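In what follows, a structure is listed as structure tokens, so that the remarks can point back to it.
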Amino acid sequence: MSVAIVGAGPSGLASGKACIEAGLKPTIFEKSSGLGGIWNIEHGSTWESMRTNLSKYSCMFSDFPWNKDSDDFPLCTDVSKYLNAYAKHFSLDTCILYNTEVTRVNRDSAKNKWSINAKIADREAVEELFDYVIIGSGFFVESKIPQGLSEFSGTLTLSQKYRNPNNLKGKVVAVIGGAFSGSEIAADVATVATKVIHIKERNFWILGRYLENESKTKQIPLDLVFYKRRQKSAEQLPLEEVNRRKHAYFQSLSNQAEVSDSLKVPTESYATPPYVVISDGYLEAFKANRIKVINSRFTHAKGNEIFLENGTSEKVDAVIACSGFTSKLPFFSPDILTSLNYDEADQFQPFLLHKNMYHPKLPNVAFVGMYRGPFFGVIELQARWAALSFAKPGEYYPTEEEQYKGIAEEQAIKQDNPRPQFPHGDYVELVDAIAKRIGVYPESYFNKDQQHAISLGPVIPSHFRLEGPYSNASVATDIIKECNEKFPN
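The sequence shown begins at 85 in this note's numbering and counts up by one.
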């Protein structure tokens, strides 16, 4: 059975590997000349100093470890090399059609197949029929450009195109947008610029990549602290109280309020969901007066002057726009987009799917990594579920009733006001739910887990390669052991 996979980023690669495991025949369509998606150094959205926000133990696939001597938080160039090595090791490079852009994905009901139209560089378009389709083209597709910059006379750079600060030496630079890329790019530019003016509408909790362990004797990657299986309290707390406790926890990890009032997360906002950024250099750059923070909304620019909603203005030489990304599905017809409740302007949930994967109006189609905040662990589990659901639909493919129920749950999440930074923010709950659905949840290991590395330790992708379909307990155990020995609970 044939599977068309759109995109050769992490989602497409994991999907290709899962399809091969399940006895399917994947063809991966990649519009650029190289694999990696956003991690592709030439065509992706990385800058030279960019590192992963999570440790290598979270940014890896379950049965393909990083080298033991690699950095805890790999550089983007290392992630690119890792993905290329993964593709080669599992023979995925033979499945990829480079410089081939999918232009239309359409249902051929008469043949019960999906028609894929693709445009190949320097050649005419081609059409081919497939039994199944996986959409892995990426959630973060196109940088959103703030309105009001058309009359700006300085240099404008979108975060997607930012590579290094070399041409900004000695200049005054405005960075618009306060999330992950905005904060990290502001810190990067601050190493050479005369001044960075960071414009953002809200304050985030600023965390470094390492946190102290409970005994305060060792620095541990923050994901290995945050993502653990904890006994859920039987007490159902009101959402506002849950938010207050989260804010209090982040406050205990950050001294930013002591650094400056302009960095303080106002206590009156503690009833709403907290927003977090991860940056090792931001606070130090701020303390050194290399970053000036303005908590206001950018409205417009005229010449080299930018104007803000609070009535102030700043003269700058350059602007870097870090206002988030929009998701694109240009290969689907308007009818399909309507079925998906597609809303390009919604940066949180631009389309609604059961478990972010399935829709009853798109039979034999699965989406992988197409949600806000895609982690390697979730991507791989989604890919495995997709492949299993195609190979053994009676056992793994969700029923129409399940799908409609799941979409209704997504619609309810979409109505949250205010909206959380990540609509599906409970990583452990997310991966464990998929793992249980496809039979790879490592429950049988809990009792024989003498070091509690699985039951109580950080949840990493290798937990889900211990048992179940296409398990590789030997490799998975080695990875878990290495992580536990390097960063003990």
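Ideal Cβ placement from N, Cα and C applies to all residues, glycine included. It should be emphasised that the depicted structure is a prediction, and the values quoted were computed from it without experimental measurement.
By DSSP, does residue i sit in helix, in strand, or in coil?
| i | result |
| --- | --- |
| T111 | strand |
| Q244 | helix |
| F214 | strand |
| T184 | strand |
| S197 | The residue you asked about is not Ser; residue 197 is Lys in the sequence shown. Three-state result, K197: strand. |
| H173 | helix |
| V349 | coil |
| S227 | strand |
| H282 | strand |
| E268 | helix |
| V543 | coil |
| Y331 | Before going on, a small fix: residue 331 reads as His here, not Tyr. Reduced to three states, the DSSP call for H331 is helix. |
| F310 | helix |
| N593 | Lying outside 85 to 573, the shown extent of the chain, residue 593 is not represented and no answer is given. |
| K203 | strand |
| A405 | strand |
| N556 | coil |
| S344 | coil |
| A277 | coil |
| V326 | helix |
| S423 | helix |
| V90 | strand |
| A475 | helix |
| F530 | coil |
| F236 | strand |
| T410 | strand |
| R135 | strand |
Note down, in chain order, each residue of its chain lying with its Cβ closer than 6 Å to the Cβ of residue i, except the 5 sequence neighbours on either side.
| i | result |
| --- | --- |
| N448 | Y216 |
| A467 | A98, S99, A102, V452 |
| D177 | A171 |
| Q340 | I290, L347 |
| S116 | H127 |
| K439 | G490 |
| I564 | A537, S546 |
Should residue i go down as buried or exposed, given a rule of 16 or more other Cβ atoms within 10 Å for buried?
| i | result |
| --- | --- |
| N124 | buried |
| Q487 | buried |
| H536 | exposed |
| L252 | buried |
| E494 | buried |
| H173 | exposed |
| A270 | buried |
| Q244 | buried |
| P322 | exposed |
| P502 | exposed |
| G387 | exposed |
| S142 | buried |
| M144 | buried |
| A194 | exposed |
| F530 | exposed |
Could you name the residues of the same chain whose beta carbon sits closer than 7 Å to that of residue i, not counting the 5 residues immediately before and after it, in chain order?
| i | result |
| --- | --- |
| S146 | E464, P545, S546, F548, R549, A560 |
| S221 | V90, G91 |
| S154 | K140, D162 |
| F382 | P230, G232, I260, I283, I390, L392 |
| K152 | E566 |
| A202 | F113, T184, E185, V186, T187, A209, V210 |
| P504 | P357 |
| Y442 | A450, P482, Q487 |
| D156 | S139, K140, P305 |
| Y511 | Y311, F459 |
Write down the C-beta distance between residue i and residue j rounded to the nearest angstrom, noting that I regard them as a contact closer than 8 Å.
| i | j | result |
| --- | --- | --- |
| G523 | P553 | 6 Å |
| G262 | R293 | Not quite, the Cβ-Cβ distance comes to about 18 Å (not below 8 Å), so this is no contact. |
| A405 | L240 | 7 Å |
| L337 | L295 | 6 Å |
| A385 | K255 | Contact flag wrong, Cβ pair sits at about 16 Å. |
| V189 | F415 | 5 Å |
| F288 | V360 | 6 Å |
| E551 | P526 | 6 Å |
Identify the residues that DSSP records as bridge partners of residue i: which are they?
| i | result |
| --- | --- |
| F145 | F148 |
| Y442 | H438 |
| V360 | W289 |
| V524 | Answer is none; V524 lacks a bridge partner. |
| K399 | E389 |
| F432 | DSSP, once it has assigned bridges, lists no residue as partnering F432. |
| T161 | Answer by DSSP bridge pairing: none, since T161 is not bridged. |
| Y294 | P305 |
| H536 | DSSP output for H536 lists no bridge partner at all. |
| E384 | One point to set straight first is that residue 384 is His, not Glu, in the sequence displayed. In the DSSP output, where bridge partners are listed per residue, H384 has F391. |
| I219 | V90, F451 |
| V257 | V280, A402 |
| V189 | I200 |
Can you list, in chain order, the residues of its chain with a C-beta nearer than 8 Å to that of residue i? Leave out the 5 residues immediately preceding and following it.
| i | result |
| --- | --- |
| L574 | Since the first residue of the chain shown is 85 and the last is 573, residue 574 is not available in this structure. |
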